[in-house]
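Q: Just so we're on the same page, the working numbering is the position in the sequence shown counted from 1, plus 305.
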Amino acid sequence: MEENTIEIARRDTLEKQIYNLTDIENKVEHLLDSIQNNLYQKALSFREQNTIIVNTWEEFKEAIEKGGFVLAHWDGTTETEVKIKEETKATIRTIPLNNKLEEGKCILTGKPSSQRVIFAKAY
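(1) Whose C-beta lies closer than 6 Å to the C-beta of Gly-409 among residues of the same chain, with five residues either side of it excluded?
(2) Quick check: what's the CA-CA separation for Tyr-324 versus Ala-314?
(3) State buried or exposed for Ile-358, treating a residue as buried only when at least 16 other CB atoms are found within 10 Å of its CB.
(4) Taking the continuous beta strand (DSSP E) assigned at Asn-377, which residues delimit it?
(5) Drop a sphere of 10 angstroms on the beta-carbon of Leu-402, count the other beta-carbons inside from all chains shown, and report buried for 16 or more, exposed for fewer.
(6) Could you name the residues of the same chain whose beta carbon sits closer than 7 Å to that of Arg-316, not counting the 5 residues immediately before and after it, in chain order?
(7) Taking Ile-400 and Val-422 to be in contact with their CB atoms under 8 Å, please state how far apart those CB atoms are, rounded to whole angstroms.
(8) Give me whichever residues DSSP pairs with Pro-417 in a beta bridge.
(9) I need the straight-line Cα distance from Glu-334 to Glu-353, nearest angstrom please.
(10) Determine the burial state of Leu-406: buried for a count of at least 16 other Cβ atoms within 10 Å of its Cβ, exposed for fewer.
Shown next, in the form of structure tokens:
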């Protein structure tokens, strides 16, 4: 307080910096934007590095055991989703909003599928 400064430690980068209290509101606002962007980029990178695309039931079972996210064709039925969960403990996490439509075959039943969905295990 005597020096009219404040020390800020970032949990995302483990950096510490000293800031002058003059105009601290603007500095903190920009710092928070930087932290948000950094956390988002880390999460996006993690997701991309831990997502695998599979086309067969064997590939699916192997990939789901390793963990992470698995993109696979699904025939759209509740019965197939339940059977996949029973056999692997994996469930559909999401059907991406910007999902690319592509013809394929369900990894379990071989029935037609128009897009991939994201499967993962809950821990």
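Don't be surprised by glycine CBs; every beta carbon is placed ideally from N, CA and C. Quick caveat: nothing in here was measured; it's all calculated off a predicted structure.
A: Considering the structure as presented:
(1) Within the sequence shown, numbered from 1, the residue matching residue 409 stands at position 104. So the list reads His-378, Ser-418, once near-sequence residues are dropped.
(2) Numbered from its first residue, the sequence shown carries residue 324 at position 19. Numbered from its first residue, the sequence shown carries residue 314 at position 9. Looking at the two C-alpha atoms, the distance is approximately 11 Å.
(3) The residue given as residue 358 occupies position 53 in the sequence shown. Ile-358 is exposed by the Cβ-count criterion.
(4) By 1-based counting over the sequence shown, the position of residue 377 is 72. Looking at the sequence shown, residue 377 is not Asn but Ala. Taken as a continuous stretch (DSSP letters only), the beta strand (DSSP E) holding Ala-377 covers 374 to 378.
(5) As a first step, residue 402 is located in the sequence shown; it is residue number 97 there, counting from the start. When all chains shown are included, Leu-402 counts as exposed.
(6) The residue labelled residue 316 in the question sits at position 11 within the sequence shown. So no residue of the chain qualifies.
(7) The count along the sequence shown starts at 1 and reaches residue 400 at position 95. The count along the sequence shown starts at 1 and reaches residue 422 at position 117. That pair is a contact at about 5 Å.
(8) Taking the first residue of the sequence shown as 1, we reach residue 417 at position 112. Answer by DSSP bridge pairing, in chain order: Lys-410.
(9) Taking the first residue of the sequence shown as 1, we reach residue 334 at position 29. Taking the first residue of the sequence shown as 1, we reach residue 353 at position 48. For Glu-334 and Glu-353, the distance between alpha carbons rounds to 29 Å.
(10) Within the sequence shown, numbered from 1, the residue matching residue 406 stands at position 101. Per the 10 Å Cβ criterion, exposed.
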